[in-house]
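Following my numbering, the numbering of the sequence shown begins with 1 at its first residue and continues without gaps.
Glycine included, every Cβ here is placed at the ideal spot set by N, Cα and C.
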Amino acid sequence: MIACLVLAACGGKSDVRRIKLAHGLPTSHPVHEAMVYLAERAALHSSGALRVEVHPSEQLGTEREVIELLQIGSVGMTKVSASVMESFVPEYGVFSLPYLFRDDKHRAAVLDGEIGGEILRAGRRFGLNGLVYYDAGSRSFYTRERPIRTPADLGGLKIRTQESPSAIRMVRALGGSATPIAWGELYTALQQGIVDGAENNPPSFYLSRHYEVCKYYSLDEHTSVPDVVLVSTHLWEGLRPEEREALTRAARESALLQRKLWAVATAEAMQFIEASGVEILRPSKRLFAESVEGIYAALAETPALARLSERIRAVQ
């Protein structure tokens, strides 16, 4: 019965399953383009049986709200940051650890390998089946009135974070005041001085137009948190095996496209940001990494997460 509510096409002459896919980014974002491609490929691989309807720009709710809708079966699919997933599936919290990955090659080996697959599957017990990861680059700080050259410069600043316990701990470890705010509300919060800055990747900094308010971008690249394409287990369990295969195949193909689009979007965003008058700073990552070492020491309180981080760091 729930599957019928999610798919919205039960009975009658039509065998088409309509799947709502919600995300919070604008239609100009490379992630949205990849989502549209996923919908096209799902229709192709299922011979038209799967019709994925993409709802961008938080039309159906914030990331957290949409995840909750997936859990009850009211929405079929979404794309969210792994940071937000931490509050629903503990294993995703490992991705919010600062300086977890040595480089892009190491990150790809983890996400595309055994550990990445384990974490995607871990959400099933919470009604959230992971299909693939999308590249979300590396997150860095941007601020309104003063540049961040060292961790000490974050002292006393109110920094917007995602609704992620690990992200909040990281900003606090660096001396900042972490302030969770929904993405759609952030531009106004920056404009009104409710927060002094935020942190995100170059395409998101550019496409959100936050560069209009924040004139300093410090490329400390403290985290490389992936995005995750999720499907509600209510939906998943109602699909035929061939439909599951079609949807999985479409998601993987969209991930390959998204990574290519992301690389182009990142380069273009950096060029535009610099041309718009934003000062680009490249601080010592070593100083920032040293300042957050206490976060790793505190992992002793969560043995499962500690073991997971150790396994990730051991990947070659």
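Separation of residue j from residue i, as counted between CA atoms
| i | j | result |
| --- | --- | --- |
| Ala306 | Gly116 | 16 angstroms |
| Ala9 | Thr302 | Low per-residue confidence applies at Ala9: pLDDT is 45, beneath 50, and the placement is therefore not dependable, though the value from the model is reported in the following sentence. Cα to Cα, the separation comes out at about 44 angstroms. |
| Ser309 | Thr62 | 28 angstroms |
| Ala250 | Pro147 | 42 angstroms |
| Asp15 | Gly76 | 17 angstroms |
| Ser138 | Ser224 | 4 angstroms |
| Ser276 | Gly184 | 22 angstroms |
| Leu287 | Gly155 | 14 angstroms |
| Ile295 | Leu239 | 41 angstroms |
| Trp262 | Ser204 | 11 angstroms |
| Ser74 | Leu120 | 21 angstroms |
| Lys105 | Leu157 | 33 angstroms |
| Leu318 | Thr143 | Residue 318 falls outside the range modelled here, since the chain spans only 1 to 316, and no answer is possible. |
| Arg244 | Lys215 | 46 angstroms |
| Gln316 | Val229 | 25 angstroms |
| Val52 | Glu237 | 17 angstroms |
| Phe141 | Gly48 | 44 angstroms |
| Arg41 | Glu242 | 14 angstroms |
| His32 | Glu253 | 14 angstroms |
| Gln191 | Gly197 | 10 angstroms |
| Pro226 | Gly127 | 20 angstroms |
| Arg64 | Leu111 | 22 angstroms |
Paired residues, beta bridge with residue i - DSSP
| i | result |
| --- | --- |
| Ala198 | Tyr142 |
| Ile159 | Ala178 and Gly197 |
| Met77 | Leu21 and Val231 |
| Ser218 | Phe141 and Leu281 |
| Tyr133 | Val228 |
| Arg51 | Arg18 |
| Leu128 | Ser232 |
Reference residue i; option with closest CA among the options
| i | options | result |
| --- | --- | --- |
| Leu219 | Ala263, Thr150 and Tyr134 | Thr150 |
| Leu38 | Ser224, Ile19 and Gly156 | Ile19 |
| Ser28 | Arg313, Ala314, Ala269 and Val278 | Ala269 |
| Ala289 | Tyr187, Met170, Val228 and Val213 | Met170 |
| Ala122 | Leu281, Leu261 and Thr233 | Thr233 |
| Arg313 | Leu25, Lys79 and Phe95 | Phe95 |
| Asn319 | Ala82, Tyr142, Ser140 and Leu50 | Because residue 319 is not part of the residues shown, which for the chain are 1 to 316, the question remains open. |
| Leu207 | Arg125, Ile273 and Leu281 | Ile273 |
| Met35 | Phe126, Thr179, Gln258 and Gly127 | Gln258 |
| His55 | Ala43, Arg64 and Lys79 | Lys79 |
(Q) Suppose only complete runs of 4+ residues qualify. What are the alpha helix (DSSP H) ranges in the stretch 277-315, listed by chain order? (A) The qualifying runs are 285-291, 293-297 and 303-314.
Q: Let me know the alpha helix (DSSP H) ranges lying completely inside the stretch 23-47, each 4 residues or longer, listed in chain order.
A: Runs of the alpha helix (DSSP H) inside the stretch 23-47: 30-45.
Q: Pair every Cβ in the stretch 92-105 with every Cβ in the stretch 62-72, then say whether three or more of these pairs are closer than 8 angstroms.
A: No, the stretch 92-105 does not touch the stretch 62-72.
Q) Fully enclosed by the stretch 53-101, which alpha helix (DSSP H) runs are 4 residues long or longer? A) Within the stretch 53-101, complete alpha helix (DSSP H) segments of at least 4 residues are found at 63-72 and 82-85, given in chain order.
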